[in-house]
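Novice: Residue numbers (our numbering), protein chains in the order written: chain A, 1 to 181; chain B, 1001 to 1244.
A virtual CB, placed ideally from N, CA and C, is assigned to each residue, including glycine.
Owing to the predicted nature of the structure, the values given are computational and were not obtained by experimental measurement.
I have a structure I would like to understand better, so I am pasting it below and will then ask my questions one at a time.
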Amino acid sequence: MTLPGTDVDLLARVVVGDYEALNDIMRIHEDRVFAVCLRMMGDREKALDSTQETFLTVFRKAGQFKGEAALGTWIYRIAVNTCYDQLRKEKRRRTAPLPDELDPQDPSALERLESAGLRPELQSALDTLPAEFRSAVILSDLQGLSLHQVALILGVPVGTVKSRVFRGRRLLAKVLGNQNT
Amino acid sequence: MAALADGSLHDEDRARSRLTSCEVCRAEYESHRSVLVATRSAEPIEMSGTERAALHRDVLSAMANSASTPTRRSSFLWPRFGYATVALFLVVGLVGVLSQAGVFSNQDRSLGTLGGSSNAVTAEGAEKSPQAGFAPPTTAAATADMSAAGNGSDDPAAYEPLIEQARKYPRPSPSAGYYSDASVATRAESCIDQAGLDSSFQPIGNVNDASQFILVVPEITELTDETPITVIDFTTCQIVHVDG
């Protein structure tokens, strides 16, 4: 995490078109943003696209950052919203319904997840969750953020985050349980 | 149980003592623990050198290609003012045309009717106002929607058996795996939103095992016998009962 003063300074430099400042911001936050995008999208290429779109949005909206939240929180929020958008676009593009769960018998599906560096059983379970539950579980349980931070990122009350994490874990437990049996 | 499992609960002793006596709670706790073990053992994700280089190259080239510098809030307010001005002219023009056509010639009477109908709605609402704690659909449209869907009723008495069941519901025992189907869970969440409740409200069960009616509470981790329950008609997403 960066200091708030540094955050504001960096963003101020981005606003006036200082590319090196954006490069610095990317270096600090790119791994965390990529991790969230990869968990949300389940595919490295799509995650890279979403990460790229996230930082372009940071560049475009740099002038709107007021420094009330930490820069990391603001960037996480843009990343999650970018992933929601990408998932919605994908859903619209689909011509045939996809299975809710990955077929464990389908070797290509498993290979895809393994090559993405994800544990297939965990990622395929995450993929079954509605996007709102998935983002809450990813930020809270996989990224290790506090409920308060997750609430700020998702723009919902802490109670809603608790509820989404609770329901998300419950669904995950069920899917993971089914996979292990 | 979720808070106990992830260590964010303040009063752990009370929750742990509950674990020994409540089988459902224990199952709930175990399922949360199993998920946390799986997520915490997940390896950290990092970008490869190639991905990192590609990201920096693509973002910086996209920035260089975009002719404009980052948008400041003020820079895109002008088009909005432009749209607002056009809309204002259209409204003024429309009002002028209608005035010429004599639509507003009896303005006083029109306003009187409007006030009258508003009062009539209020009076109707008050007339239908049932016993304390019961909230039937508040507008004629909502009632019509419920009737059109073939469910619900604008007669408060019709809900009495339902509310009776709701009061008997064993509140501190949310059933394990409730709405395990993700699509149903999402639909329930959306229904709760449509009903105008804060999204921290969540379903804890069905009234009398009827899937049409869902019981919701504000906070599942703090359920007590005193927790007020709200009943939502799952088919119309209307609140049919608010406790207390």
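(1) Determine the chain A residues that contact residue 1059/B at a beta-carbon separation under 8 Å, and present them in chain order.
(2) Note down, in chain order, each residue of its chain lying with its Cβ closer than 8 Å to the Cβ of residue 1006/B, except the 5 sequence neighbours on either side.
(3) Residues of the region 1012-1034 of chain B with a CB closer than 7 Å to any CB of chain A: list them in chain order, please.
(4) For residue 1233/B, which three-state DSSP category applies?
(5) Can you tell me whether residue 1044/B is buried or exposed, with buried defined as 16 or more other CB within 10 angstroms of its CB?
(6) Is the region 140-155 of chain A touching the region 1047-1067 of chain B, taking contact as three or more C-beta pairs under 8 Å?
(7) Do you know how far the Cα of residue 1063/B is from the Cα of residue 35/A?
(8) Short of 7 Å Cβ to Cβ, which residues in the region 72-87 of chain A face chain B?
(9) Check whether the region 117-137 of chain A touches the region 162-169 of chain A, counting contact only when three or more Cβ pairs, one atom from each stretch, lie closer than 8 Å.
(10) Around the C-beta of residue 29/A, are 16 or more other C-beta atoms found within 10 angstroms, so that it is buried, or is it exposed?
(11) Which same chain residues, not among the five before or five after residue 176/A, have their C-beta less than 7 Å away from its C-beta?
(12) Could you tell me whether the Cβ of residue 120/A comes closer than 8 Å to any Cβ of chain B?
(13) Given that residue 136/A touches chain B, what residues does it touch there, using C-beta distances under 9 Å?
(14) By a C-beta neighbour count over all protein chains shown, 10 Å radius and 16 as the cutoff for buried, is residue 1020/B buried or exposed?
(15) Whose C-beta lies closer than 7 Å to the C-beta of residue 1115/B among residues of the same chain, with five residues either side of it excluded?
(16) Let me see if you follow: with CB-CB separation under 8 Å, is residue 1045/B close to chain A or not?
(17) Where does residue 1201/B sit, in a helix, a strand or coil, going by DSSP?
(18) According to DSSP, is residue 156/A part of a helix, a strand, or is it coil?
(19) Quick check on residue 141/A - is its C-beta less than 8 Å from some C-beta in chain B?
(20) For the alpha helix (DSSP H) that residue 1239/B lies in, which residues bound it at each end?
(21) Please report whether the beta-carbon of residue 30/A lies at a distance below 8 Å from any beta-carbon of chain B.
(22) Within 8 Å, do at least three Cβ pairs link the region 1082-1091 of chain B to the region 78-92 of chain A?
(23) Please check if any C-beta of chain A sits within less than 8 Å of the C-beta of residue 1056/B.
(24) In chain order, what residues of the same chain have a beta carbon less than 7 Å from the beta carbon of residue 1012/B, not counting five sequence neighbours either side?
(25) Output the distance between the C-alpha atoms of residue 21/A and residue 15/A, rounded to the nearest integer angstrom.
(26) Go to residue 49/A, then tell me how far its alpha helix (DSSP H) extends in each direction, as first and last residue.
(27) Leaving out the 5 sequence neighbours to the left and right, which residues in its chain are closer than 7 Å to residue 13/A when beta-carbon positions are compared?
(28) I think residue 1201/B touches residue 1216/B, with their Cβ atoms under 8 Å apart; what is that distance to the nearest whole Å?
(29) Of the residues 172/A, 174/A, 123/A and 73/A, which one's Cα is nearest the Cα of residue 147/A?
(30) Any C-beta of chain B sitting closer than 8 Å to the C-beta of residue 154/A?
(31) Pull up the distance between the alpha-carbon of residue 1065/B and that of residue 56/A, whole angstroms please.
(32) Show which residues of chain A have a CB atom less than 7 Å away from the CB atom of residue 1038/B.
(33) Under 8 Å between beta-carbons, which chain B residues line up against residue 147/A? List them in chain order, please.
(34) In this structure, how does DSSP classify residue 1109/B when only helix, strand and coil are distinguished?
(35) With distances taken from CA atoms, which of 173/A, 174/A, 76/A and 163/A is nearest residue 1203/B?
(36) Name the DSSP beta bridge partners of residue 166/A, please?
Specialist: On the basis of the coordinates in this document:
(1) Here residue 1059/B corresponds to residue number 59 of the second sequence, with the count starting at 1. Under the 8 Å cutoff, chain A gives 22, 26, 52, 55, 56 and 59.
(2) In the second sequence, residue 1006/B corresponds to position 6, counting from 1. The beta carbon of residue 1006/B is closer than 8 Å to those of 1032 and 1036 in its chain, skipping five residues each way along the sequence.
(3) Listed in sequence order: 1031, 1032 and 1034.
(4) Counting from one through the second sequence, the residue named residue 1233/B turns up at place 233. Residue 1233/B: strand per DSSP, three-state reduction.
(5) Counting from 1 along the second sequence, the entry for residue 1044/B is found at position 44. Counting Cβ neighbours within 10 Å, residue 1044/B comes out exposed, since fewer than 16 surround it.
(6) no
(7) Numbered from its first residue, the first sequence carries residue 35/A at position 35. Numbered from its first residue, the second sequence carries residue 1063/B at position 63. Rounded to the nearest angstrom, the two C-alpha atoms are 23 Å apart.
(8) none
(9) yes
(10) In the first sequence, the residue the question calls residue 29/A occupies position 29. Buried, because 16 or more other Cβ atoms sit within 10 Å of the Cβ of residue 29/A.
(11) Residue mapping note: residue 176/A aligns to position 176 of the first sequence, counting from 1. Excluding sequence neighbours, residue 176/A sits near 121 and 125.
(12) In the first sequence, counting from the first residue as 1, residue 120/A sits at position 120. Taking Cβ atoms only, chain B never reaches closer than 8 Å to residue 120/A, which makes this a no.
(13) Against the first sequence, residue 136/A aligns to sequence position 136. Under the 9 Å cutoff, chain B gives no residues; its nearest Cβ is about 11 Å from residue 136/A.
(14) Locating residue 1020/B in the second sequence gives position 20, counting from the first residue. With fewer than 16 other Cβ atoms within 10 Å, it is exposed.
(15) By 1-based counting over the second sequence, the position of residue 1115/B is 115. Its pLDDT being 30, under 50, residue 1115/B is placed unreliably by the model, and the measurement read from it follows with that caveat. So the list is empty, once near-sequence residues are dropped.
(16) Translated into the one-based positions of the second sequence, residue 1045/B becomes position 45. Residue 1045/B counts as touching chain A.
(17) Working through the second sequence from its first residue, we reach residue 1201/B at position 201. Of the three classes helix, strand and coil, the one that applies to residue 1201/B here is coil, per DSSP.
(18) Stepping through the first sequence from its first residue, residue 156/A is reached at position 156. DSSP places residue 156/A in coil when its eight states are reduced to three.
(19) As a position in the first sequence, residue 141/A is number 141, starting the count at 1. Taking Cβ atoms only, chain B reaches closer than 8 Å to residue 141/A, which makes this a yes.
(20) Numbered from 1 along the second sequence, position 239 holds the residue referred to as residue 1239/B. Looking at the DSSP string, residue 1239/B is not in any alpha helix (DSSP H); the run it does join, the beta strand (DSSP E), is 1238-1242.
(21) One-based indexing of the first sequence puts residue 30/A at position 30. By this cut-off, residue 30/A is an interface position.
(22) no
(23) In the second sequence, counting from the first residue as 1, residue 1056/B sits at position 56. Using beta-carbon distances, residue 1056/B counts as an interface residue toward chain A, with a partner under 8 Å.
(24) Within the second sequence, the letter at position 12 stands for residue 1012/B. Residues of the same chain with a CB within less than 7 Å of the CB of residue 1012/B, apart from the 5 flanking positions on each side, are 1004 in chain order.
(25) In the first sequence, residue 21/A corresponds to position 21, counting from 1. In the first sequence, residue 15/A corresponds to position 15, counting from 1. Answer to the nearest angstrom: the Cα atoms are 10 Å apart.
(26) Indexing the first sequence from 1 puts residue 49/A at position 49. Start and end: 44-61.
(27) In the first sequence, the residue the question calls residue 13/A occupies position 13. Counting only Cβ-Cβ distances below 7 Å, and skipping sequence neighbours, we find 21.
(28) On the second sequence, position 201 is the one that residue 1201/B refers to. On the second sequence, position 216 is the one that residue 1216/B refers to. Contact holds; Cβ gap of about 5 Å.
(29) In the first sequence, the residue the question calls residue 147/A occupies position 147. When the alpha-carbon of residue 147/A is set against those of 172/A, 174/A, 123/A and 73/A, the nearest one is in 73/A.
(30) Taking the first residue of the first sequence as 1, we reach residue 154/A at position 154. It does not; no Cβ of chain B falls within 8 Å.
(31) In the second sequence, the residue the question calls residue 1065/B occupies position 65. In the first sequence, the residue the question calls residue 56/A occupies position 56. Each residue's Cα considered, the two are about 12 Å apart.
(32) In the second sequence, the residue the question calls residue 1038/B occupies position 38. Residues of chain A passing the Cβ test: 122 and 176.
(33) One-based indexing of the first sequence puts residue 147/A at position 147. Within 8 Å Cβ-Cβ: 1008.
(34) Here residue 1109/B refers to the residue found at position 109 when the second sequence is read from its first residue. Low confidence applies here, because residue 1109/B scores a pLDDT of 34, under 50, leaving its location unreliable; read the following figure in that light. Three-state result, residue 1109/B: helix.
(35) The residue given as residue 1203/B occupies position 203 in the second sequence. Its Cα nearest to that of residue 1203/B, the residue 163/A stands out among 173/A, 174/A, 76/A and 163/A.
(36) Along the first sequence, one-based indexing puts residue 166/A at 166. In DSSP, residue 166/A forms no bridge with anything.
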